[in-house]
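These notes are about the structure you will find just below.
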Amino acid sequence: MTRIATRLSIACVAAAAAFHVSGCSTGQDTSESEISARYQLPDVVQYNYRWSAESGINLLGPDATVVRAYFESYYIASFAHSTAAGYPGFENATEDVAYDPPRHRAINDRTNYNPLPIVGTFHAHLLSIERNDFGMQAVVCEGDYSLMDLRRDGTYTNRGVRIPTAMQIEFTPGSAGITDTARYAEGPERTPQNDVFGGWTVTRHAFSTGNFDDNLACQHKFPDPPETRSERINETFTVPYPTLPPYPGWSSSQ
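Residue numbering for the sequence shown follows the numbering used here, starting at 1 and increasing by one per position.
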């Protein structure tokens, strides 16, 4: 058993199913249409996101909120094989996005769809974010080493490896020039309930910055030391990585 498997076997693993989204009581009657209108994660997504950022970057600010909303939605939609599975506003924000390789299939392509749950914790680190003449550009460290697939035999396999990938995402203001600067997001919820993209649209998603130094910079940005992470994908584990609470999460009013 690998070191990470040994370490994880003593972790307190919360049941992934316990994190399903539920409605909040407001003291008023809630109609069936209101309940059905609430955004819900697809069943395949039973993991949570945990974010960190470089010193000086406000993880709760409007720009970082847009980056978080896109990054989280992109993977949710990819795992569900449906753009409709992304957060509210995701489809509108990605109508014209260009995906760089290795994106080999359209998100809505249901070929090889696997309905078994993905569990664990998806770590992400905001390495840089800046406004430019065209809009906004962000570099995100993808910490999917702690994301695991449930297999039919009850074991788990990891999706990521020791050295994370640094990806680059580019945004432009919406057609009306809207760049909502009043969005602040933090709370116990796994998802927002409203469009938090603030009028921004995604124009490019590069799965690597093309600079290995960025990957190395990402290596020590996550809570688990690199030596405890798997060196290759699809290693087998009997105990998954813990599903930690979301951070910073989303407000129930968003």
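We put the CB at the ideal spot given by N, CA and C, even for glycine. This one's a predicted model, so the numbers in the text were calculated from it and none came from an experiment.
Best match in the options for proximity to residue i [C-alpha to C-alpha]
i           : options               : result
residue 71  : 239, 57, 158 and 191  : 191
residue 55  : 129, 76, 173 and 49   : 129
residue 97  : 157, 138 and 169      : 169
residue 109 : 189, 78, 50 and 59    : 78
residue 64  : 194, 226, 186 and 252 : 186
residue 246 : 93, 123 and 133       : 123
residue 69  : 90, 57, 82 and 53     : 90
residue 99  : 47, 159 and 171       : 171
residue 234 : 159, 220 and 201      : 159
residue 161 : 152, 146, 134 and 132 : 146
residue 136 : 125, 115 and 201      : 201
residue 243 : 49, 38 and 44         : 49
residue 117 : 132, 133, 157 and 205 : 157
residue 61  : 93, 219, 196 and 210  : 196
residue 263 : 152, 133, 53 and 73   : Residue 263 lies beyond the range of the chain shown here (1 to 254); nothing can be said about it.
residue 87  : 221, 165 and 198      : 198
residue 220 : 125, 231 and 115      : 125
residue 207 : 52, 167 and 154       : 167
residue 225 : 215, 163 and 238      : 163
residue 81  : 52, 53 and 44         : 44
residue 114 : 149, 134 and 141      : 149
residue 155 : 253, 217, 239 and 227 : 239
Reduced DSSP secondary structure (H/G/I, E/B, other) of residue i
i           : result
residue 34  : Unreliable placement is indicated for residue 34, whose pLDDT of 47 sits below 50; the coordinate value is still reported in the next sentence. Looking at residue 34 - three-state DSSP - the assignment turns out to be helix.
residue 247 : strand
residue 79  : helix
residue 71  : helix
residue 242 : coil
residue 227 : helix
residue 42  : coil
residue 109 : coil
residue 195 : coil
residue 133 : coil
residue 115 : coil
residue 173 : coil
Counterpart residues of residue i in DSSP-defined beta bridges
i           : result
residue 139 : 128 and 168
residue 53  : 126
residue 99  : 205
residue 121 : 48
residue 236 : 157
residue 189 : 250
Where the alpha helix (DSSP H) containing residue i begins and where it ends
i           : result
residue 146 : Taken as a continuous stretch (DSSP letters only), residue 146 belongs to no alpha helix (DSSP H), as it is neither H nor E.
residue 90  : 90-93
residue 212 : 212-218
Span of the beta strand (DSSP E) around residue i
i           : result
residue 157 : 156-158
Residue i at chain D interface by Cβ criterion, 8 Å
i           : result
residue 246 : The structure shown contains no chain D, having only a single protein chain.
For residue j and residue i, believed in contact at Cβ under 8 Å, the rounded distance
i           : j           : result
residue 189 : residue 249 : 6 Å
residue 41  : residue 76  : 7 Å
residue 119 : residue 46  : 5 Å
residue 139 : residue 209 : 6 Å
residue 215 : residue 165 : 6 Å
residue 121 : residue 39  : 21 Å between Cβ atoms; not a contact.
The ligand FAD heavy atom lying under 7 Å from the CB of residue i
i           : result
residue 247 : Questions concerning the ligand FAD fall outside what the structure shown contains, since it holds no ligand whatsoever.
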